[in-house]
Structure formats: C-alpha cells, structure tokens
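Residue numbers (this note's numbering), protein chains in the order written: chain A, 191 to 395; chain B, 22 to 145.
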C-alpha cells in the first residue's frame, strides 16, 4: 500500500521550500560602476537603508554642526539573480568609504565573498575596501572596470599599486556588459572554491 | 511666520512622514536578529484585530505570503531596511511571520553549494 500521497492537510499542495539565498558583496568608490555592474547581470531593485549613526561611525564621521542628524540614508545597489528555482544569488553594492563599514559588518556575515570594483584612474578609492576584506578574512577579488578612454595599465602595475597579496585574483571587466560582469562573479566563486580546497588540504597536512 | 501653503513638500524635501514615525520612533527591533537575506514567510495565522496593524505592517504581511527575503520586502515596500526590520519583528512577535536564516550565520558556504552557484552562473 502506498501511503506516500497521504496528505493530512486535506489536499492542499505543500508550498515548495524557500530558495537558498547566497550573498555577494560589491564594494568600490562612488562612480566606479557598481550600479552598472549590478544592473548588467541581475534584476536590480532599489534598496535604501536609513541607519542610526552608530558610535563606531560617529567616531569617523565629522558630525560637528550637524548634531541633530542621527540617521544617515544610504542607497544600496541590490540585485537578484535566480540561478535555479531553489538557489538565488543576491548582490549588495555598497559605498567603499570607511564610514559605511558599519553596514558591511552585517552584510559580510555569511556572505560568499566580495568583489572590489576598481577604476585605474582612482585606485586609492579601493584601498579601504581591500583593507576591510583582508582584515576580516573575507575572500575577495579585484575587478578593474575598463572605462572607455581610460589608460590601460598592465595588470602587474595595478597589483603593485594596490599592494595586493599574490593569491588575490584580479580581472578586467566592462561593467556595462552582462557577459563580462558574469565572468567577474564566476572568477569570485572560483577563487572562493580554490581557497576552500586549499584550506582543506592544509588542514590535513 | 510661514503659512502652511509656503512649505515645500515635494520629493526634494524628503518623505512627508519620517520613516521612523512608522515605528513610533523605535530604531531597534525586538527579539533575535535576522539577516538581510533571511527567509520571511507569513504563518497564515489569523490577524486577531486587523485595525491594530498599520497599513505598512499589512503591506509587509501581504508580501510575505510567498517566501521572500528581508531585503526583497524592503525594496518592494520602498522603506528603509531599519524600518522594515522593526515591522517584521512586530509581525513575528504577533506570530504572523516566521523568519529563518538559511545559511548558518558564522559558517562559510560549503563547497557543494559553491559548485552549484558556479554552474548556475555559467548557465546564465
């Protein structure tokens, strides 16, 4: 006898399990192309956060003269990629400045990893993000957004300028292109996988 | 003294109702914290007194009829995340929504899932 189809709820179809949600962070200075990249590769949605300035951010934010302001509004780039019915990738693009780190602390928990989007004309803008992910041991890669007319630097020169650890991958990309932005995400996941298997090996040794 | 007519209440002036007015000034939610991509699902429990819920609470509840995430809801109702979190915590306290985080918070994502993500991306 087959009891498999017995449904105590009386024929109501069971709702499918909710999809697994995977977070990827995208960091970089203003105007570096975060919104463009998220829009190229995912369904982009507006998301804003009105956060209380925490004590941590108060220390770094100059609040003299604006004592009445206790909240700060930050617009995030938020994108969703349905990989399968049961697997959804969420992209969160956040400003790279140190004063937004209080937001990253939360975003980073349980995240797959991060992409630091960099512009060769303003490499220094990516220093805080690189510093942040290195300190918190969050796996990340650098994606150099190749703007039209921007001078193409040799990858090795940029690596040196950024003082990157040898193991951190760097890829060139065109944030306007879906294919190129997809390759950036693929490069990140490959890096995280490689790091995970290296850790497994050194764990045995 | 400016009359009411002279007040500028266009989009440039910001929201007419400050977001945290919807939460009675609360900026922290009650109960256990939840991730931006935590799954939110309405429990389909009956709302004992619908008039006790603000329209924003009803909106959020409506969106959670099918499983969704905290970030998706915040985007769909166009309210700041902090406000949506408080609304969700209220609804959870009333037993109207269940909130669960699929991936253990402190844990790294396992290799099997990583490969699934990789294949998914390649297949896009």
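Note that CB positions come from ideal geometry on N, CA and C, so glycine has one too.
All values reported here derive from a predicted model rather than from experimental measurement.
Legend entry - Interface flag, residue 253 of chain A vs chain B, CB-CB below 8 Å: Along the first chain, one-based indexing puts residue 253 of chain A at 63. Note that residue 253 of chain A has pLDDT 46, beneath the 50 cutoff, so the model's placement of it is unreliable and the number below is only indicative. Cβ-Cβ to chain B under 8 Å: no for residue 253 of chain A.
Inset, instruction - Consult DSSP for residue 327 of chain A and reduce its assignment to one of helix, strand or coil. - result: Taking the first chain and counting its residues from 1, the one referred to as residue 327 of chain A is at position 137. Correct three-state label for residue 327 of chain A: coil.
Inset, instruction - Find the nearest neighbour of residue 81 of chain B within the set B:129, B:69, B:67 and B:104, judged by alpha-carbon distance. - result: The residue you call residue 81 of chain B lines up with position 60 of the second chain. Of the candidates B:129, B:69, B:67 and B:104, the one whose C-alpha sits nearest the C-alpha of residue 81 of chain B is B:104.
Legend entry - chain A within 8 Å of residue 44 of chain B, Cβ atoms only: By 1-based counting over the second chain, the position of residue 44 of chain B is 23. It does not; no Cβ of chain A falls within 8 Å.
Inset, instruction - Measure the beta-carbon distance from residue 216 of chain A to residue 305 of chain A and round it to whole angstroms, keeping in mind my assumption that it falls under 8 Å. - result: Your numbering for residue 216 of chain A matches position 26 in the first chain. Your numbering for residue 305 of chain A matches position 115 in the first chain. The pair is a contact, with the Cβ atoms about 5 Å apart (cut-off 8 Å).
Inset, instruction - With a threshold of 7 Å, establish whether the CB of residue 271 of chain A neighbours any heavy atom of the ligand NAD. - result: With respect to the ligand NAD, the structure shown offers nothing to examine, as it has no ligands at all.
Inset, instruction - Could you name each continuous beta strand (DSSP E) segment of 3 residues or more that falls completely within the segment 86–123 of chain B, going from the start of the chain to the end? - result: 118–121
Inset, instruction - State the Cα-Cα distance for the pair residue 60 of chain B and residue 92 of chain B, rounded to the nearest angstrom. - result: Residue 60 of chain B sits at position 39 when you count from the first residue of the second chain. Residue 92 of chain B sits at position 71 when you count from the first residue of the second chain. Their backbone Cα atoms lie some 10 Å apart in a straight line.
Legend entry - Buried or exposed (CB count within 10 angstroms, at least 16 for buried), residue 370 of chain A: Along the first chain, read from residue 1 onward, the residue named residue 370 of chain A stands at position 180. Looking at its Cβ environment, which holds 16 or more other Cβ atoms inside 10 Å, residue 370 of chain A is buried.
Legend entry - Own chain residues within Cβ distance below 6 Å of residue 97 of chain B, not counting five before or after: Residue numbering aside, residue 97 of chain B sits at position 76 when the second chain is read from its first letter. Non-local C-beta neighbours of residue 97 of chain B in its own chain, meaning closer than 6 Å and more than five positions away in sequence, comprise 84, ordered along the chain.
Inset, instruction - Out of A:381, A:389, A:392 and A:208, point me to the one whose CA is closest to residue 120 of chain B's CA. - result: Sequence index remark: in the second chain, residue 120 of chain B carries index 99 (1-based). When only C-alpha atoms are compared, the closest one is A:208.
Inset, instruction - Could you spell out the range, first to last residue, of the beta strand (DSSP E) harbouring residue 214 of chain A? - result: Reading the first chain from its first residue, position 24 is the one you call residue 214 of chain A. DSSP places residue 214 of chain A inside the beta strand (DSSP E), whose first and last residues are 210–218.
Legend entry - Any C-beta of chain A under 8 Å from that of residue 60 of chain B: Looking up residue 60 of chain B in the second chain gives position 39. So, interface residue.
Inset, instruction - Verify whether the separation of the beta carbon atoms of residue 280 of chain A and residue 211 of chain A is less than 8 Å. - result: Counting from 1 along the first chain, the entry for residue 280 of chain A is found at position 90. Counting from 1 along the first chain, the entry for residue 211 of chain A is found at position 21. For residue 280 of chain A and residue 211 of chain A, yes; Cβs fall inside 8 Å.
Inset, instruction - Compute the distance between the beta-carbons of residue 113 of chain B and residue 46 of chain B, then report whether it is under 8 Å. - result: Looking up residue 113 of chain B in the second chain gives position 92. Looking up residue 46 of chain B in the second chain gives position 25. For residue 113 of chain B and residue 46 of chain B, no; Cβs fall outside 8 Å.
Legend entry - Assigned secondary structure, residue 145 of chain B (DSSP; H/G/I helix, E/B strand, else coil): Taking the second chain and counting its residues from 1, one reaches residue 145 of chain B at position 124. Here residue 145 of chain B sits in coil by DSSP.
Legend entry - Sequence-distant residues of the same chain with beta carbon closer than 6 Å to residue 271 of chain A, five excluded per side: Along the first chain, read from residue 1 onward, the residue named residue 271 of chain A stands at position 81. The answer, listed in chain order, is 232 and 279.
Inset, instruction - Please state if the CB of residue 303 of chain A and the CB of residue 378 of chain A are separated by a distance shorter than 8 Å. - result: Counting from one through the first chain, the residue named residue 378 of chain A turns up at place 188. Counting from one through the first chain, the residue named residue 303 of chain A turns up at place 113. The answer is yes: Cβ separation under 8 Å.
Inset, instruction - Would you tell me roughly how many angstroms separate the C-alpha atoms of residue 258 of chain A and residue 41 of chain B, rounded to the nearest one? - result: The sequence position of residue 258 of chain A within the first chain is 68, counting from 1. The sequence position of residue 41 of chain B within the second chain is 20, counting from 1. Low local confidence applies: a pLDDT of 47 at residue 258 of chain A is under 50, so the model's placement there is unreliable, and no value is given.
Inset, instruction - Using a cut-off of 8 Å between C-beta atoms, extract the partners of residue 136 of chain B located in chain A. - result: The residue labelled residue 136 of chain B in the question sits at position 115 within the second chain. Result: 383.
Legend entry - Where residue 130 of chain B meets chain A, residues with beta-carbon distance less than 7 Å: Here residue 130 of chain B is taken as the residue at index 109 of the second chain, counted from 1. Neighbours of residue 130 of chain B on chain A, chain order: 212 and 302.
Inset, instruction - Mind listing the chain B neighbours of residue 386 of chain A? Cutoff is C-beta to C-beta under 9 Å, in chain order. - result: Position 196 of the first chain, counting from 1, holds the residue named residue 386 of chain A. Residues of chain B passing the Cβ test: 129, 130, 131, 132 and 135.
Legend entry - Own chain partners of residue 372 of chain A with C-beta closer than 8 Å, once the 5 adjacent residues on each side are dropped: Translated into the one-based positions of the first chain, residue 372 of chain A becomes position 182. Taken in chain order, the residues that qualify are 231.
Inset, instruction - Determine whether the Cβ of residue 235 of chain A lies closer than 8 Å to any Cβ atom of chain B. - result: Counting from one through the first chain, the residue named residue 235 of chain A turns up at place 45. Yes, contact with chain B.
Inset, instruction - Work out the CA separation of residue 276 of chain A and residue 58 of chain B for me, nearest whole Å. - result: The residue you call residue 58 of chain B lines up with position 37 of the second chain. The residue you call residue 276 of chain A lines up with position 86 of the first chain. Using only the alpha carbons, I get a separation of about 14 Å.
Legend entry - Rounded straight-line distance, which links the Cα of residue 284 of chain A to that of residue 234 of chain A: Here residue 234 of chain A refers to the residue found at position 44 when the first chain is read from its first residue. Here residue 284 of chain A refers to the residue found at position 94 when the first chain is read from its first residue. Residue 234 of chain A and residue 284 of chain A: Cα-Cα distance of roughly 14 Å.
Legend entry - Proximity test, Cβ basis, 8 Å: residue 111 of chain B and chain A: Residue numbering aside, residue 111 of chain B sits at position 90 when the second chain is read from its first letter. So, not an interface residue.
Legend entry - Interfacial residues, the segment 92–120 of chain B to chain A, with Cβ spacing under 9 Å: 92, 93, 95, 96, 97, 99, 100, 101, 102, 103 and 104
Legend entry - Collapsed DSSP secondary structure at residue 263 of chain A in the structure displayed: Taking the first residue of the first chain as position 1, residue 263 of chain A is located at position 73. Residue state, collapsed to three classes: strand.
Inset, instruction - Report the neighbours of residue 88 of chain B on chain A: residues whose CB is nearer than 9 Å to its CB, in chain order. - result: The count along the second chain starts at 1 and reaches residue 88 of chain B at position 67. Under the 9 Å cutoff, chain A gives 205, 206, 207, 208 and 209.
Legend entry - Which of helix, strand or coil DSSP assigns to residue 383 of chain A: Mapped onto the first chain, residue 383 of chain A falls at position 193. Looking at residue 383 of chain A - three-state DSSP - the assignment turns out to be helix.
Inset, instruction - On a CA-only basis, which of A:263, A:392, A:310 and A:352 is nearest residue 324 of chain A? Give me that one, please. - result: The residue given as residue 324 of chain A occupies position 134 in the first chain. The candidate whose alpha carbon is nearest that of residue 324 of chain A is A:352.
Inset, instruction - In angstroms with no decimal places, state the Cα-to-Cα distance between residue 289 of chain A and residue 318 of chain A. - result: Indexing the first chain from 1 puts residue 289 of chain A at position 99. Indexing the first chain from 1 puts residue 318 of chain A at position 128. Residue 289 of chain A and residue 318 of chain A have their C-alpha atoms some 10 Å from each other.
Inset, instruction - Within the segment 268–327 of chain A, note down every full alpha helix (DSSP H) run reaching 4 residues or more, in order along the chain. - result: Fully enclosed alpha helix (DSSP H) runs of 4 or longer: 291–298 and 317–325.
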